[in-house]
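Visitor: I am attaching a structure below and will ask some questions about it afterwards.
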Amino acid sequence: SLQEVIDKLGEIADAGFDKVIAVCISSGLSGTWNAVRLASLQQERVEVFAYDTRNISVASGLLGIWASHKVSQGLSFSEICRALEEKTFSSKVMFYMDSLEYLKRGGRIGTVTSMIGQALKIRPIISCNKQGIYYTVSLIRGLKKGKQKLLSEMVKFCKGHRVWLGLGHGAAAEELQEMAEMVIEELGSSAEILYGKQIAATLALNTGPGLIGVAALLDP
Numbered sequence: 010s011l012q013e014v015i016d017k018l019g020e021i022a023d024a025g026f027d028k029v030i031a032v033c034i035s036s037g038l039s040g041t042w043n044a045v046r047l048a049s050l051q052q053e054r055v056e057v058f059a060y061d062t063r064n065i066s067v068a069s070g071l072l073g074i075w076a077s078h079k080v081s082q083g084l085s086f087s088e089i090c091r092a093l094e095e096k097t098f099s100s101k102v103m104f105y106m107d108s109l110e111y112l113k114r115g116g117r118i119g120t121v122t123s124m125i126g127q128a129l130k131i132r133p134i135i136s137c138n139k140q141g142i143y144y145t146v147s148l149i150r151g152l153k154k155g156k157q158k159l160l161s162e163m164v165k166f167c168k169g170h171r172v173w174l175g176l177g178h179g180a181a182a183e184e185l186q187e188m189a190e191m192v193i194e195e196l197g198s199s200a201e202i203l204y205g206k207q208i209a210a211t212l213a214l215n216t217g218p219g220l221i222g223v224a225a226l227l228d229p
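Per the numbering used here, the sequence shown runs over residues 10 to 229.
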């Protein structure tokens, strides 16, 4: 809530900090960015940069890690804020979902679409567009084809760049490990995996089990 953000900014100020970079998931999918923006206007103790990553999950997190590295390198607050804005579209996440049921429950697709998709065993690969809104990259039948398509799309995005990778799964640890090995085999020494874990419950509510996600940040 807005008040929780205001309280957190107060705690940060009490700890002796006077500047905050808030790395938020897409404003097109969550109210977090707007809450931080509004909270920053209701206090004067800390200077706040509310950064809309126009992305979600690990893709947003990789930008946060990148920003923390820039702090360690001695860049100023304003320099990091500008650099983040320029870096936004260098980060991308794609994820394969093993069921449409949880998207239907969350109101993100209709019942008819879900029923047809389940009957035809169609599974989506989803990403975020430049407005930070979900879009369907591809519709695939079956896990094997889904993993291959996810791999090919991410390799296409990453090819020719040094990349940080983050991977997440929803009760699909073995499939994620296989995906990690496939990505590294394709990208080689240009890729470094920073993260590979089970996704948070708040995200899993909308995706269900069987999710495999890969995020990349180009030229970190």
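C-beta atoms are modelled at their ideal positions from N, C-alpha and C, and glycine is treated no differently.
Keep in mind it's a predicted model, so treat the numbers as computed, not measured.
Got a sec: does the ligand HEM put a non-hydrogen atom nearer than 7 Å to the Cβ of residue 15?
Guide: What this structure holds is no ligand at all, so the ligand HEM is not there to describe.
Visitor: Sort out for me which residues DSSP pairs residue 75 with in a bridge.
Guide: Translated into the one-based positions of the sequence shown, residue 75 becomes position 66. Answer by DSSP bridge pairing: none, since residue 75 is not bridged.
Visitor: Touching or not, the stretch 127-147 and the stretch 55-68, by the rule of three or more beta carbon pairs under 8 Å?
Guide: Short answer: they touch.
Visitor: Please state the DSSP three-state secondary structure of residue 169.
Guide: Working through the sequence shown from its first residue, we reach residue 169 at position 160. Here residue 169 sits in coil by DSSP.
Visitor: Please identify the residue among 75, 221, 187 and 165 whose C-alpha is closest to the C-alpha of residue 209.
Guide: Numbered from its first residue, the sequence shown carries residue 209 at position 200. If we check each option's Cα against that of residue 209, 221 comes out closest.
Visitor: Using the three-state DSSP reduction, which class does residue 217 fall into: helix, strand or coil?
Guide: Residue numbering aside, residue 217 sits at position 208 when the sequence shown is read from its first letter. Coil, per DSSP.
Visitor: Going by the beta-carbon positions, is the gap between residue 160 and residue 191 smaller than 8 Å?
Guide: What you label residue 160 is simply residue 151 of the sequence shown in a count that begins at 1. What you label residue 191 is simply residue 182 of the sequence shown in a count that begins at 1. Yes.
Visitor: In angstroms, rounded to a whole number, what distance separates the CA positions of residue 128 and residue 106?
Guide: The sequence position of residue 128 within the sequence shown is 119, counting from 1. The sequence position of residue 106 within the sequence shown is 97, counting from 1. Note that residue 128 scores 48 on pLDDT, short of 50, meaning its location in the model is unreliable; the coordinates nonetheless yield the value given after this. In a straight line, the C-alpha of residue 128 is about 15 Å away from that of residue 106.
Visitor: Would you mind sorting residue 69 into buried or exposed? The rule is 16 or more other CB atoms within 10 Å of its CB.
Guide: Locating residue 69 in the sequence shown gives position 60, where the first residue counts as 1. Counting Cβ neighbours within 10 Å, residue 69 comes out buried, since at least 16 surround it.
Visitor: Flag this pair as yes or no: are the beta carbons of residue 52 and residue 15 separated by less than 8 Å?
Guide: Reading the sequence shown from its first residue, position 43 is the one you call residue 52. Reading the sequence shown from its first residue, position 6 is the one you call residue 15. Against a cut-off of 8 Å, the Cβ pair of residue 15 and residue 52 comes out as a contact.
Visitor: Threshold first: 3 residues or longer. Then list the beta strand (DSSP E) segments lying entirely within the stretch 37-98, N to C.
Guide: The stretch 37-98 contains these whole beta strand (DSSP E) runs: 56-61.
Visitor: In angstroms with no decimal places, state the Cα-to-Cα distance between residue 58 and residue 166.
Guide: Here residue 58 refers to the residue found at position 49 of the sequence shown. Here residue 166 refers to the residue found at position 157 of the sequence shown. Using only the alpha carbons, I get a separation of about 28 Å.
Visitor: By alpha-carbon positions, which one of 204, 13, 74 and 41 ends up nearest to residue 229?
Guide: The residue labelled residue 229 in the question sits at position 220 within the sequence shown. The shortest C-alpha separation from residue 229 is found at 74.
Visitor: Take every Cβ of the stretch 168-181, pair it with every Cβ of the stretch 196-205, and state whether three or more of those distances are shorter than 8 Å.
Guide: They touch, by the three-pair rule.
Visitor: Using only the alpha-carbon positions, how far apart do residue 17 and residue 195 sit?
Guide: The residue labelled residue 17 in the question sits at position 8 within the sequence shown. The residue labelled residue 195 in the question sits at position 186 within the sequence shown. C-alpha separation (whole angstroms): 42 Å.
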